[in-house]
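2 protein chains.
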Amino acid sequence: MSELIDKVLAGAPRSVARAITMVENGGADAAGLMKAVFRSTGKATVIGITGAPGAGKSSLVDKLALHYKDAGERVGIVCVDPSSPFSGGAILGDRIRMATLGLDKNVFIRSMATRGNLGGLSRATVDAVAILDAAGYSKVIVETVGVGQDEVEIVKTADVSVVVLVPGMGDDIQAIKAGIMEIGDVFVINKADREGVLRTQKELEALLSLAHRPDMWNPPIIKTIATESKGIEDLSAAVASYVDFQRSNESALDRRHAIARWRLTELLRERLLADLLSRNGTGERLNELAAEIADKRLDPYSAVEELIQ
Amino acid sequence: MSELIDKVLAGAPRSVARAITMVENGGADAAGLMKAVFRSTGKATVIGITGAPGAGKSSLVDKLALHYKDAGERVGIVCVDPSSPFSGGAILGDRIRMATLGLDKNVFIRSMATRGNLGGLSRATVDAVAILDAAGYSKVIVETVGVGQDEVEIVKTADVSVVVLVPGMGDDIQAIKAGIMEIGDVFVINKADREGVLRTQKELEALLSLAHRPDMWNPPIIKTIATESKGIEDLSAAVASYVDFQRSNESALDRRHAIARWRLTELLRERLLADLLSRNGTGERLNELAAEIADKRLDPYSAVEELIQ
Numbered sequence: 006m007s008e009l010i011d012k013v014l015a016g017a018p019r020s021v022a023r024a025i026t027m028v029e030n031g032g033a034d035a036a037g038l039m040k041a042v043f044r045s046t047g048k049a050t051v052i053g054i055t056g057a058p059g060a061g062k063s064s065l066v067d068k069l070a071l072h073y074k075d076a077g078e079r080v081g082i083v084c085v086d087p088s089s090p091f092s093g094g095a096i097l098g099d100r101i102r103m104a105t106l107g108l109d110k111n112v113f114i115r116s117m118a119t120r121g122n123l124g125g126l127s128r129a130t131v132d133a134v135a136i137l138d139a140a141g142y143s144k145v146i147v148e149t150v151g152v153g154q155d156e157v158e159i160v161k162t163a164d165v166s167v168v169v170l171v172p173g174m175g176d177d178i179q180a181i182k183a184g185i186m187e188i189g190d191v192f193v194i195n196k197a198d199r200e201g202v203l204r205t206q207k208e209l210e211a212l213l214s215l216a217h218r219p220d221m222w223n224p225p226i227i228k229t230i231a232t233e234s235k236g237i238e239d240l241s242a243a244v245a246s247y248v249d250f251q252r253s254n255e256s257a258l259d260r261r262h263a264i265a266r267w268r269l270t271e272l273l274r275e276r277l278l279a280d281l282l283s284r285n286g287t288g289e290r291l292n293e294l295a296a297e298i299a300d301k302r303l304d305p306y307s308a309v310e311e312l313i314q
Numbered sequence: 006m007s008e009l010i011d012k013v014l015a016g017a018p019r020s021v022a023r024a025i026t027m028v029e030n031g032g033a034d035a036a037g038l039m040k041a042v043f044r045s046t047g048k049a050t051v052i053g054i055t056g057a058p059g060a061g062k063s064s065l066v067d068k069l070a071l072h073y074k075d076a077g078e079r080v081g082i083v084c085v086d087p088s089s090p091f092s093g094g095a096i097l098g099d100r101i102r103m104a105t106l107g108l109d110k111n112v113f114i115r116s117m118a119t120r121g122n123l124g125g126l127s128r129a130t131v132d133a134v135a136i137l138d139a140a141g142y143s144k145v146i147v148e149t150v151g152v153g154q155d156e157v158e159i160v161k162t163a164d165v166s167v168v169v170l171v172p173g174m175g176d177d178i179q180a181i182k183a184g185i186m187e188i189g190d191v192f193v194i195n196k197a198d199r200e201g202v203l204r205t206q207k208e209l210e211a212l213l214s215l216a217h218r219p220d221m222w223n224p225p226i227i228k229t230i231a232t233e234s235k236g237i238e239d240l241s242a243a244v245a246s247y248v249d250f251q252r253s254n255e256s257a258l259d260r261r262h263a264i265a266r267w268r269l270t271e272l273l274r275e276r277l278l279a280d281l282l283s284r285n286g287t288g289e290r291l292n293e294l295a296a297e298i299a300d301k302r303l304d305p306y307s308a309v310e311e312l313i314q
């Protein structure tokens, strides 16, 4: 274990991969590992990228990673793909993308998938980011598919959150509700060679003008064509300027505090459930009670009371 | 309380609304309510509808609800919008949609939003569906924005899951990863007057041909133009035929069991955390520890150990 920790802190990709698997699986090993690496975190810039499926997030992330790599940085990419709980799709996707990005010790890419019913994906993702940070990756990009609650939470833990849109969501930009607007520090209109860019931009500007940000930051709107590597430098400049802004801003502390509180709560929730289920027979009893609920012989609230007693 | 329960079981919309607020807030009242209504559930057909933002889910849900209403059914709609944790957007949206659907005791619409950090959105949504079921709504439609983990779980608790796509996701249909494919019992290509319908359909068929369903169901692909009410009858027929199929299928029991297990686990997780935080001083101590974590003076795993002791 202490050998693994040393290698992670030295930035060895294989050990980083093993460490991330460990936090995905959870348990005591993961806790020991995270305690050991925690003090070495806080140096990386963590960039969260979210947006609807089909917005071209993966291409954008790959090109942004290449941009940083070409500038001499080490880049970690964590893809959160909670929609694939059963399939090996995530792993296959990583291999395809690694082929694009080049097998290179300066770029590390990893998909996180949920393991079984116990959740913990958000916690594992945040831990994976911390491992990459401790391993000396100076930019860590967290890419989330979808705009669900967990994804929003994960993106909020980043230093800077990028929301990706595409033209032609025109009528439906309302679907990108206020919440996602509130988390975006930088907005990207990708596929900017498509029709309707101007309209999407106008609508986005109108929506942003209604938003109240406690830090008074005015989120820039960047146009990109990720497949042609266009606009990537603008994006990287916008990210850097938000990071600079945050550093000189009081609300940065509030944000860090809120993130820590959320992270602690997630961890606590997971741990409490794991502790309960590890007691003799509780897991089996849960299955029996679930069967009774399925047959409408028992309601779930009474079942919970029995399990807690 | 027993008056509220009687009115809910009699199907009074205002009492249903109050009951749903109660389960959103959680706590002992909610538990008492759910225990009381649980035995009256199981009659409604629960239809989960998910897909990317911009796919036109709301229009589709509204038109499907009108279709059922015109057929003499009582319809409940629960919209899960986890991306708007802070804004009043959800409530405003309900009012606009109620104006479209008509203020009518046979159509009930309610948006669920996450309340604070303690989560419980999935649990509250499933409870709201059970309340509508017990109140005699024969069709309950659960609409989720996005494709996050919670949304997938929520849609899985439905009797039939509908995944909505739009043409022009062409290159990016891969983004609708295998996981979302696995949960779809019926697929809809909405906005079917747009270019690229055939291509989207072919790609979807190709993807579906790779999927392994334990129940051997072959998910139909329905084309709709929700804004013009086109294809809504086809959709309703596809939903009905899957419900019939399920009824005669052994795997239905496995599904019900898995749903019950998930629901019980969610409830347990929420309850364990609430119990811990309700102890004297624990909430405050959690805030203090979060501040220490934010300052890198403490790692979250050690903080959890302190709180659990």
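So the sequence lines, in the order shown, correspond to chains G and D. Count along the first sequence from 1, then add 5; that gives the number in our numbering. Count along the second sequence from 1, then add 5; that gives the number in our numbering. The C-beta atom is built at its ideal place from N, Cα and C for all residues, glycine as well. Since we're looking at a predicted model, the values are computed, not measured.
Residue i classed as buried or exposed, judged by whether at least 16 other C-beta atoms fall within 10 angstroms
{"i": "S7 (chain D)", "result": "exposed"}
{"i": "P219 (chain D)", "result": "exposed"}
{"i": "E315 (chain D)", "result": "In this structure chain D extends from 6 to 314, so residue 315 (chain D) is not present and cannot be described."}
{"i": "V190 (chain G)", "result": "Here the sequence assigns Asp to residue 190 (chain G), which means Val is not the residue at that position. That one is buried."}
{"i": "L38 (chain G)", "result": "buried"}
{"i": "L240 (chain D)", "result": "buried"}
{"i": "R313 (chain D)", "result": "The sequence given here places Ile at residue 313 (chain D); Arg does not occur at that position. With fewer than 16 Cβ atoms within 10 Å of its Cβ, I313 (chain D) is classed as exposed."}
{"i": "G61 (chain G)", "result": "buried"}
{"i": "S256 (chain D)", "result": "exposed"}
{"i": "S64 (chain D)", "result": "buried"}
{"i": "G286 (chain G)", "result": "exposed"}
{"i": "M27 (chain D)", "result": "buried"}
Contact set between residue i and chain G, taken where Cβ atoms lie within less than 8 Å
{"i": "D304 (chain D)", "result": "M39, K40, F43, R44"}
{"i": "G47 (chain D)", "result": "K301"}
{"i": "L281 (chain D)", "result": "L273, L277"}
{"i": "R19 (chain D)", "result": "Residues of chain G passing the Cβ test: none, with the nearest at roughly 24 Å."}
Coil, strand or helix - residue i by DSSP
{"i": "A95 (chain G)", "result": "Because A95 (chain G) carries a pLDDT of 47, less than 50, the predicted location of this residue cannot be relied on, and no value is offered for it."}
{"i": "M39 (chain D)", "result": "helix"}
{"i": "M27 (chain D)", "result": "helix"}
{"i": "G81 (chain G)", "result": "strand"}
{"i": "E255 (chain D)", "result": "coil"}
{"i": "K196 (chain D)", "result": "coil"}
{"i": "R276 (chain D)", "result": "helix"}
{"i": "G288 (chain D)", "result": "helix"}
{"i": "K62 (chain G)", "result": "helix"}
{"i": "T162 (chain G)", "result": "coil"}
{"i": "S246 (chain G)", "result": "helix"}
{"i": "S45 (chain G)", "result": "coil"}
{"i": "R143 (chain G)", "result": "Reading off the sequence shown, one finds Ser at residue 143 (chain G), where the question assumed Arg. S143 (chain G): coil per DSSP, three-state reduction."}
{"i": "V171 (chain G)", "result": "coil"}
{"i": "K68 (chain D)", "result": "helix"}
{"i": "V309 (chain D)", "result": "helix"}
{"i": "R115 (chain G)", "result": "strand"}
{"i": "K235 (chain D)", "result": "strand"}
{"i": "T149 (chain G)", "result": "strand"}
{"i": "K228 (chain G)", "result": "strand"}
Beta-carbon proximity list for residue i, same chain, < 7 Å, skipping 5 on both sides
{"i": "I25 (chain G)", "result": "R115, A133, I136"}
{"i": "A41 (chain D)", "result": "I10"}
{"i": "K68 (chain D)", "result": "A231, S234, I237"}
{"i": "A139 (chain D)", "result": "V13, L14, V42, S45, T46"}
{"i": "G56 (chain D)", "result": "K62, V168, V169, L170"}
Interface partners of residue i on chain D, CB under 9 Å
{"i": "L65 (chain G)", "result": "Here the premise fails: no neighbours, minimum Cβ distance about 12 Å."}
{"i": "L269 (chain G)", "result": "L291, L294, A295, I298, P305, A308, V309, L312"}
Cβ-based neighbour list, residue i, same chain, cut-off 6 Å, excluding 5 preceding and 5 following
{"i": "K74 (chain D)", "result": "V80, N111, V112"}
{"i": "D198 (chain G)", "result": "I230"}
{"i": "G282 (chain G)", "result": "Residue 282 (chain G) is actually Leu in this sequence, not Gly. Closer than 6 Å at Cβ, skipping near neighbours: G288."}
{"i": "G53 (chain G)", "result": "V147, V160, A163, S166"}
{"i": "L303 (chain D)", "result": "E297"}
Per-residue contacts from residue i into chain D (C-beta, under 7 Å)
{"i": "V36 (chain G)", "result": "Just to set this straight, residue 36 (chain G) is Ala in the shown sequence, not Val. In chain order: Y306."}
Neighbour list for residue i in chain D, Cβ cutoff strictly below 8 Å
{"i": "H72 (chain G)", "result": "Per Cβ cutoff of 8 Å: no residues; H72 (chain G) is ~22 Å from chain D at best."}
Amino acids of chain G, ordered along the chain, whose beta-carbon sits closer than 9 Å to that of residue i
{"i": "R115 (chain D)", "result": "Correct list: empty, because the minimum Cβ distance to chain G is about 16 Å."}
{"i": "R284 (chain D)", "result": "Correct list: empty, because the minimum Cβ distance to chain G is about 12 Å."}
{"i": "A197 (chain D)", "result": "Ordered by position in chain G, no residue passes the 9 Å Cβ test against A197 (chain D), which lies about 15 Å from the chain."}
Same chain, Cβ closer than 8 Å to residue i, five either side skipped, listed in chain order
{"i": "N292 (chain G)", "result": "none"}
{"i": "R23 (chain D)", "result": "L9"}
{"i": "A263 (chain G)", "result": "K161"}
Proximal residues of chain G, C-beta to C-beta of residue i below 7 Å
{"i": "A163 (chain D)", "result": "Simply none; closest approach about 15 Å."}
Relative to chain G, which residues along the region 290-314 of chain D have a C-beta separation below 9 Å, given in chain order?
L291, N292, L294, A295, A296, E297, I298, A299, D300, K301, L303, D304, P305, Y306, S307, A308, V309, E310, L312, I313
Which residues, in chain order, does the region 133-145 of chain G contribute to contact with chain D at a C-beta distance below 7 Å?
none
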